[in-house]
Amino acid sequence: MPDARRRRSVLRVIVVAELVVALVTAATVVFAYNQVDKKIDVGPSIIHPPGVERPEPELPTGAFNMLVIGTDARDCDGCSIDGEGGLGGSDLTMLLHVADGRREAYGISIPRDTLVDRPECHDGEKSIPAATEVTWNEAYAVGGAACTVAQVESVTGVFIDDYVVVDFGGFKDMVDAIGGVQICIPYDIDDDEHNIHLDAGDRLLDGEDSLAYVRQRSSTPNSDLGRMKRQQAFVASMLSQVMSANTLTRPDKLYKFASALADSITTNPELASVGELVKLASSLRKADLDKIRFVTAPTSEFPTGDPNWGRLQLTPEADELWEKVIDDEPLGAFGRGAISGRNPSGSAESAAANGLCA
C-alpha cells in the first residue's frame, strides 16, 4: 500500500475512534446529567409579601439572595447520630448574599432560638396563620421552606430569589464524595449524652464524623451560637475543598459530589434542575475564597428572670446588616474577623469563644 493511502487509512481509523470516544463520552455525560437531575426534589414556589420587591440587577451576573436551610429531622438514613428525635425545624438558616458581579459573597446565619413574629404564610395550598414571639426554627416545622422564606422577608425586608433545603443524610454523602473535609478541633469533644466523641487536632473528617461535628452543642458555653460558628467554619472548609484542584480535576469526585448534593436538596421550582445549578455555580467561578465570608446576625440574650430567658432577640444592629444586603453593600465593620473560605476559623478571639482553632 502506498504511503499516502496508508496514512489516509490510519487517519480514518483515528477519526472514527475519536468520534466513538466523543459519542460515548457525550452519552455518559447525558446519562449522568439525567441521573443527577431527577434526584432534585421540587419544593413550593416563593410567595413574596407586599412591600418586598426584587431589585433590578444591573448585570446578567447581578446580585442575588439565596436562603440555605439545614433541617434537624432525624428520619433520614444515618441521621440519628446524636440520638435525638428532632421536631422537623430548621437546624441552620443562612441568608447568602452574592454581590453584583458575583465576585464576593457573604452568608448570614440566624440563630434558631431567636424570637420573631412569623407572618401568615403558605406551604403549597395550606395556609399557616401568623404567630408572635416564636422561635426562628419553628417556621420550617409548621410550614416548610416557603414559610421560612416568608419569615426572612418579613423580618429583614430582604428579597429572596431562591432557596435550598439540605437534609443531613445527603450531607454525609457530600463529604464522603470529596474525600472528607479538613477541620481543626482545639480540644477533645466528649459528649456522652449524644454519643459524640471527636479527638482534638487537625483532622480529615468523613461524613459521619462531620455530621457529629456540625450537630453537637455541648462543647461551648454558648451552645447554639458556638454550634453555628462551627457550622460556618465547616461550610468554609468544605467550600475550599470543593474548589481545590483535588476535586475540580477529578470527574469521579465531581460526579459523586453533584449526585450526593442533588440527592439531598429541595429547591424552589425555578432552581430545581442541574442546568440552573450549574449556571449559578458557573457565575461564581471567579469569586475569591477570601471574599466569601460568614457572619452571624446580631442578637442579644433576654435578661435573667425574663419569661423569654434562654432565647435570643435581634438587636438594632441587625437592621443595619439587612440594609447592607438590600443595598448590595459590603459587610464593612460586620465582617471584621469573619470566617471565610480562606480562613475557616475567623479571628483568634471568636475562634477561642466558639470552639475553633485560633
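Just so we're on the same page, the numbering used here is the position in the sequence shown counted from 1, plus 8. No residue lacks a Cβ here, since even glycine has one placed at the ideal position from N, Cα and C. Only a predicted model underlies this, so the values are computations on that prediction, with no experimental measurement involved.
In terms of DSSP beta bridges, what is R293 paired with? DSSP, once it has assigned bridges, lists no residue as partnering R293.
Using CA coordinates, which residue listed in K46, T312, K299 and R111 is at the minimum distance from S290? R111
Same chain, Cβ closer than 8 Å to P57, neighbours up to 5 away in sequence not counted: P127, A158, E161 and S162
Could you tell me the alpha carbon to alpha carbon distance between D368 and A153, rounded to whole angstroms? Given a span of 9 to 366 for the chain in the structure shown, any question on residue 368 remains unanswerable.
Rounded C-beta distance between P352 and A185? I'm assuming under 8 Å. That belief does not hold up - the Cβ atoms of P352 and A185 are roughly 19 Å apart, past 8 Å.
Rounded separation between K332 and I300 - CA only: 16 Å
With V222 as the anchor, note down where its alpha helix (DSSP H) starts and where it stops. G215 to R223
Alpha carbon of T312 to alpha carbon of Q321, nearest angstrom: 14 Å
Can you tell me the Cβ-Cβ gap for R319 and L123, rounded? I've got them flagged as a contact below 8 Å. 5 Å
Per DSSP, T274 is paired with what? D49 and V173
Same chain only: Cβ atoms within 8 Å of D125, ignoring 5 sequence neighbours per side: A138, A139, T140, E141, V142, S162 and V163
What does I197 pair with, by DSSP beta-bridge criteria? L206
Between G343 and H105, what straight-line distance do the alpha-carbon atoms span, to the nearest angstrom? 13 Å
Let's test the definition: count the other Cβ atoms within 10 Å of the Cβ of L212 and tell me whether it reaches 16, buried, or not, exposed. exposed
At 4 residues or longer, and completely inside the segment 307-333: list those alpha helix (DSSP H) runs for me, N to C. none
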